[in-house]
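**Student:** Residue numbers (the working numbering), protein chains in the order written: chain A, 1 to 224; chain B, 1001 to 1224. Ideal Cβ placement from N, Cα and C applies to all residues, glycine included. In this text, all values refer to a predicted model and were calculated from it rather than measured experimentally.
Protein chains: 2
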Amino acid sequence: MISHAVEDYLKAIYEIEEDVGHVTTSLLAMHLAVAPASVTGMVQKLAKARPRLVNYERHQGVTLTPAGRKIALEVIRHHRLIELYLAEALGYDWDKVDAEAEKLEHVISEEFEDKIAALLGDPTVDPHGDPIPTKDGTVAEACRLPLSAIEPGCTVRVARVRDADPEFLRYLAELGLTLRAQVTVTKRAPFDGPLHIAVGEAGAPVRTHALGRSVTDRIFVERQ
Amino acid sequence: MISHAVEDYLKAIYEIEEDVGHVTTSLLAMHLAVAPASVTGMVQKLAKARPRLVNYERHQGVTLTPAGRKIALEVIRHHRLIELYLAEALGYDWDKVDAEAEKLEHVISEEFEDKIAALLGDPTVDPHGDPIPTKDGTVAEACRLPLSAIEPGCTVRVARVRDADPEFLRYLAELGLTLRAQVTVTKRAPFDGPLHIAVGEAGAPVRTHALGRSVTDRIFVERQ
DNA sequence: CACTGAATTTAGGCGCGACTAAAAAATTAT
DNA sequence: ATAATTTTTTAGTCGCGCCTAAATTCAGTG
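1. Does residue 1214 of chain B get closer than 7 Å to chain A when you measure Cβ to Cβ?
2. Thinking C-alpha only, which one of A:133, A:13, A:180 is nearest residue 224 of chain A?
3. Give me the subset of the region 1047-1078 of chain B whose CB atoms are less than 9 Å from a CB atom of chain A, sorted by chain position.
4. Taking 7 Å as the CB-CB limit, is residue 45 of chain A close to chain B?
5. Please compile the residues from chain B whose C-beta is within a distance smaller than 9 Å of the C-beta of residue 6 of chain A.
6. Could you please tell me which residues of the region 107-120 of chain A, in chain order, have their CB closer than 9 Å to any CB of chain B?
7. Run through the region 30-66 of chain A for me and flag every whole beta strand (DSSP E) of 3 or more residues, listed as ranges in chain order.
8. Can you check DSSP and say which residues form a bridge with residue 1209 of chain B?
9. Which same chain residues end up closer than 8 Å to residue 1077 of chain B when comparing Cβ atoms and leaving out the 5 residues on each side of it in sequence?
10. Please confirm if residue 1015 of chain B has its CB atom under 7 Å from at least one CB of chain A.
11. Since residue 187 of chain A sits in a beta bridge, which residues does DSSP pair it with?
12. Are any of the Cβ atoms in chain A nearer than 7 Å to that of residue 1103 of chain B?
13. Assign residue 148 of chain A to one of two classes, buried (16 or more other C-beta atoms within 10 Å of its C-beta) or exposed (fewer than that).
14. So for residue 1139 of chain B, helix, strand or coil by DSSP?
15. Along the alpha helix (DSSP H) that carries residue 1132 of chain B, what are the first and last residues, could you check?
16. So if I threshold CB-CB distances at 9 Å, which residues from the region 1080-1093 of chain B count as touching chain A?
17. Which same chain residues, not among the five before or five after residue 1212 of chain B, have their C-beta less than 6 Å away from its C-beta?
18. Return the Cβ separation of residue 1178 of chain B and residue 1198 of chain B in integer angstroms, given the expectation that the two are a contact with Cβ distance under 8 Å.
19. Once the 5 residues before and after residue 16 of chain A are set aside, which same chain residues still bring their CB inside 7 Å of it?
20. Could you work out which residues of chain B lie near residue 100 of chain A, taking near to mean beta carbons separated by less than 8 Å?
21. In whole angstroms, what separates the C-alpha of residue 1075 of chain B from that of residue 1192 of chain B?
22. Would you kindly check if the distance between the Cβ of residue 163 of chain A and the Cβ of residue 218 of chain A is under 7 Å?
23. When burial is assigned at 16 or more other CB atoms within 10 Å of the CB, is residue 1216 of chain B buried or exposed?
24. Under three-state DSSP, which class holds residue 222 of chain A?
25. Who does residue 155 of chain A pair with in a DSSP beta bridge?
26. Would you identify the three-state DSSP class for residue 170 of chain A, choosing helix, strand or coil?
27. Would you be able to state if there are at least three C-beta pairs under 8 Å between the region 98-110 of chain A and the region 1100-1112 of chain B?
28. So, are the CB atoms of residue 1201 of chain B and residue 1182 of chain B less than 7 Å apart?
29. Apart from the five residues just before and just after residue 1159 of chain B, which ones in its own chain have a Cβ nearer than 7 Å to its Cβ?
30. How many Å lie between residue 65 of chain A and residue 51 of chain A at the Cα?
31. For residue 1080 of chain B, which of helix, strand or coil comes out of DSSP?
32. Residues in the same chain with beta-carbon distance under 8 Å from residue 173 of chain A, minus the five sequence neighbours each way, listed in chain order, please.
33. Going by alpha carbons, who is nearest to residue 1067 of chain B out of B:1006, B:1021, B:1157?
34. Less than 6 Å between C-beta atoms, sequence neighbours within five positions excluded: which residues of the same chain meet that for residue 1170 of chain B?
35. Given residue 1011 of chain B, which residues of its chain have a CB within under 7 Å of its CB, disregarding the five upstream and five downstream residues?
36. Tell me which residues share the same chain as residue 84 of chain A and place their Cβ nearer than 7 Å to its Cβ, disregarding the 5 neighbours each side in the sequence.
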């Protein structure tokens, strides 16, 4: 039996690997809100497990083995399916879904997974635009074009928000910057000045904002 | 923070208290699939907790304190709401809902509870006919009239099935004996002979069965 | 190349909730 | 009333996942 803790470690390793590249003890410790020494201990256990779940050599960081990656993706699939289900079926706001999914992801059965996936029509992204891994363990390439890189004059759509902080998500929602919202970049200040944007669909009231990099770097968009 | 284990103990104590009357160490051990010594240990802890969750004196059995009962009822409310939600919203068969709810009951938030309760229209019974405690901790009197006590000639409705065994529940479903099914008792054999019944609504095809006490004692009915 | 500061690992421990084996208490039978 | 049986409790352990404090190893600088 795989414990919840192990699932959390594997998921965290996958996520850090994905958006930092190299997984260190201290990054894992921060991500999991645990002391670095605890991470070392657990990682050593995962490396000794049969089948091995991670590759580990002291001071060299951690990588997932195929077996470890498989489990990580199953948990992430659960997480993102549940997030979407909570939003679609129960009317959750997008800032609340992460915390609830964090707990549910470890306990739902295969049957539950299949039922909500079918009910949602085998969706490909969760409410933050993160891709939902398929049952056989493939993940679509995530959108990696930050709003901060868009030239003035371009119109794009919000495709992904890379942050789970409820306060940040509520802030974005207030600005109208929800998933699939249309955004036109009107002006880009030199250096690291704010980005001026207009949010809204054609024909609907448009709201304008000036946003710093800490915001625009976390919003990924797709050209239309 | 209340652990899942503590919640399971309090729930088990409540359930045994309800349908046996006196809660002994060994009954609890069986119910929880745990060694009797483990029960003694945990019960002593619950009795020392602040606020005290159970009343306990060695060799005298256990009872819930108001604080313990409150927690037990919250967990049971979760359990039964989830069972009904799984059946209604996700199309689960009634033999599968218990196992899934057993895991989910410990992790859902208040918000989740409220949302599914509202979505189900504040229901009063779960798919097995067990009453769902209200949020303020009141429980409707459960139906206590066993099918085995019904006189030949009487027509009743299935109001509650007091068994969580999936195999048993599938067996009942096969006979047509689901919640709210109409049953007419046609003949009662002397002593502990089988009870002859006819299952089905007026105008619909009726199926007849002969059932032993081990079955008819677990089915509770209401007169129409 | 040695020094310094940061990151990582080792060592030792703790609380939780389970276990087994053995003692003690309660219940039932003689 | 006492002996035999069952139930319950005590005593002592174990694995898990976390902690802190104290080594150790790494990486960047003079």
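**Tutor:** With the given structure in hand:
1. no
2. A:180
3. none
4. no
5. Ordered by position in chain B, no residue passes the 9 Å Cβ test against residue 6 of chain A, which lies about 17 Å from the chain.
6. 107, 108, 109, 111, 112, 115, 116, 119
7. 54-56, 62-64
8. B:1197
9. 1113, 1132, 1133, 1134, 1135
10. no
11. A:196
12. yes
13. buried
14. coil
15. Counting along the chain, residue 1132 of chain B falls outside any alpha helix (DSSP H), and DSSP gives it neither H nor E.
16. 1086, 1089, 1090, 1091, 1092
17. 1194
18. Between residue 1198 of chain B and residue 1178 of chain B the Cβ distance is about 15 Å, and since that is not below 8 Å, they are no contact.
19. 23, 27, 28, 31
20. 1108, 1109, 1111, 1112
21. 38 Å
22. yes
23. buried
24. strand
25. A:184
26. helix
27. yes
28. yes
29. 1129, 1143, 1220, 1221, 1222
30. 9 Å
31. helix
32. 93, 94, 95
33. B:1006
34. 1095
35. 1072, 1075, 1076
36. 120, 123, 126, 127
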